[in-house]
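Right, one structure below, let's go through it.
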Amino acid sequence: MPLVKTYGIVLRYANFSETSRMVTLFTPGMGRISAAAKGCRRPKSPLFNGCELYTFGEYILRENRDRYLMTQVSVVESFYALRNNLDTLTCASQIREVAEVMLTEGQPRPQLFVLTARCLAALCQEENDPWMISLYYQMQALQLEGLFPQIDRCCECGAPLEESPWYSCQAGGALCPICRLRYADAHTVLPGTLASMRLLLGADLERVRILRLSKQIRPQLEELWRETLFHQLEQSFGAVEFVHKLRDHVYHPVGALDRKKDPRA
Ligand SMILES: [Zn+2]
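Take the working numbering: the last position of the sequence shown gets the number 351, and nothing is skipped along the way.
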């Protein structure tokens with residue numbers, strides 16, 4: 087039975103028997119895989135630290151007819167600080183859920199893996215605004231999948247955008263005043279909202295840490311992005327269940343984080 091050595095991030099787990107766990111790992115080279123970690127819940131188990139949610143480790147797995155058994159783990163980063171407050175934990179959940187929808191078994195996702203690890207690390211740093219990090223992650227992830235909306239010109243006819251552009255999730259982005267007539271969900275947005283989306287999409291994570299959005303822009307961007315994310319994931323992955331879960335339990339409105347964390351915004 088061959089051994090596989092891979093980096094991985096724990097996306098979820100399910101306990102079985104008294105002491106064991108089935109762990110879902112996000113790996114750069116194999117996408118999402120499940121591995122049985124026998125005895126990992128015993129405090130003295132060598133697998134104990136490597137089977138917690140969000141743990142980034144180097145795993146050695148034994149492969150047996152498409153099933154994996156975890157035999158060793160060396161923890162690279164536990165991302166323990168994610169648990170220090172509810173906001174960072176909520177945003178980490180958003181990242182995890184979005185990553186999970188995009189992953190399929192056996193399909194390599196090295197860029198998404200690096201993005202995920204970097205954003206989880208950024209969430210652990212107290213000075214960062216967790217909502218901005220999560221938003222950045224979601225936008226970059228959609229971009230990697232080719233699902234980011236067209237916001238530089240009209241996504242239907244390619245015309246340049248007006249001062250107050252229209253936007254439609256169904257159309258897949260910004261619209262000119264003529265094309266918007268064809269979409270019932272089209273609505274106008276502040277020019278700064280699309281500009282902020284462009285800025286976040288093109289920015290490096292280092293820049294996102296110091297980025298501040300205005301009080302006007304931030305709620306609109308949050309709402310616009312939420313619509314877009316749900317629409318794209320539902321359309322592209324049939325992730326209806328995910329969307330309901332994220333909408334109801336995980337995806338907190340920005341206001342809740344805003345008031346508490348960032349009076350400057
Ligand atoms: Zn148009």
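Think of the CB as a built atom: it goes at the ideal place given N, C-alpha and C, for glycine as much as any other residue. Computed from a predicted model, the values in this text were never measured in an experiment.
Proximal residues to residue i (C-beta, below 8 Å), its chain only, five neighbours per side dropped
{"i": "residue 248", "result": "262, 263"}
{"i": "residue 221", "result": "286, 307, 308, 311"}
{"i": "residue 105", "result": "124, 125, 126, 127, 128, 131"}
{"i": "residue 187", "result": "319, 323, 325, 328"}
Delimiting residues of the beta strand (DSSP E) encompassing residue i
{"i": "residue 272", "result": "Run containing residue 272: none; DSSP gives neither H nor E here."}
{"i": "residue 111", "result": "106–113"}
{"i": "residue 146", "result": "142–150"}
{"i": "residue 254", "result": "252–254"}
{"i": "residue 91", "result": "89–102"}
{"i": "residue 394", "result": "Here the chain covers residues 87 to 351 and nothing more, so residue 394 does not appear."}
Classification of residue i by the beta-carbon crowding that lies within 10 angstroms, buried from 16 upward
{"i": "residue 368", "result": "Any answer about residue 368 is impossible in this case: the structure gives the chain only from 87 up to 351."}
{"i": "residue 63", "result": "Outside the displayed range of the chain (87 to 351) lies residue 63, so it cannot be described from this structure."}
{"i": "residue 174", "result": "buried"}
{"i": "residue 170", "result": "exposed"}
{"i": "residue 232", "result": "exposed"}
Nearest residue (CA-CA) to residue i, options the options
{"i": "residue 196", "options": "115, 333, 251, 260", "result": "115"}
{"i": "residue 216", "options": "295, 161, 121, 184", "result": "295"}
{"i": "residue 258", "options": "250, 228, 277, 281", "result": "228"}
{"i": "residue 96", "options": "156, 89, 148, 260", "result": "156"}
{"i": "residue 134", "options": "255, 158, 112", "result": "158"}
{"i": "residue 204", "options": "224, 122, 120, 191", "result": "224"}
beta-carbon residue i near ligand 3 non-hydrogen atom, thresh 7 Å
{"i": "residue 181", "result": "Only ligand 1 can be found as ligands here, which leaves ligand 3 out of the picture."}
Spatial neighbours of residue i in its chain, beta-carbon cut-off 7 Å, leaving aside the 5 residues before and after
{"i": "residue 351", "result": "At residue 351, the pLDDT of 38 sits below 50, so the modelled position is not reliable; the number obtained from the coordinates is stated separately. 298, 299, 301, 304, 344, listed in sequence order."}
{"i": "residue 340", "result": "Confidence at residue 340 is low in this model, with a pLDDT of 48, below 50, so the placement of that residue should be treated as unreliable; the coordinate-derived value is given next. So the qualifying residues of the chain are 217, 304, 305, 308."}
{"i": "residue 271", "result": "254, 255, 256"}
For residue i, the first and last residue of its enclosing alpha helix (DSSP H)
{"i": "residue 264", "result": "Per DSSP, residue 264 belongs to no alpha helix (DSSP H) and is neither H nor E."}
Same chain, Cβ closer than 6 Å to residue i, neighbours up to 5 away in sequence not counted
{"i": "residue 193", "result": "117"}
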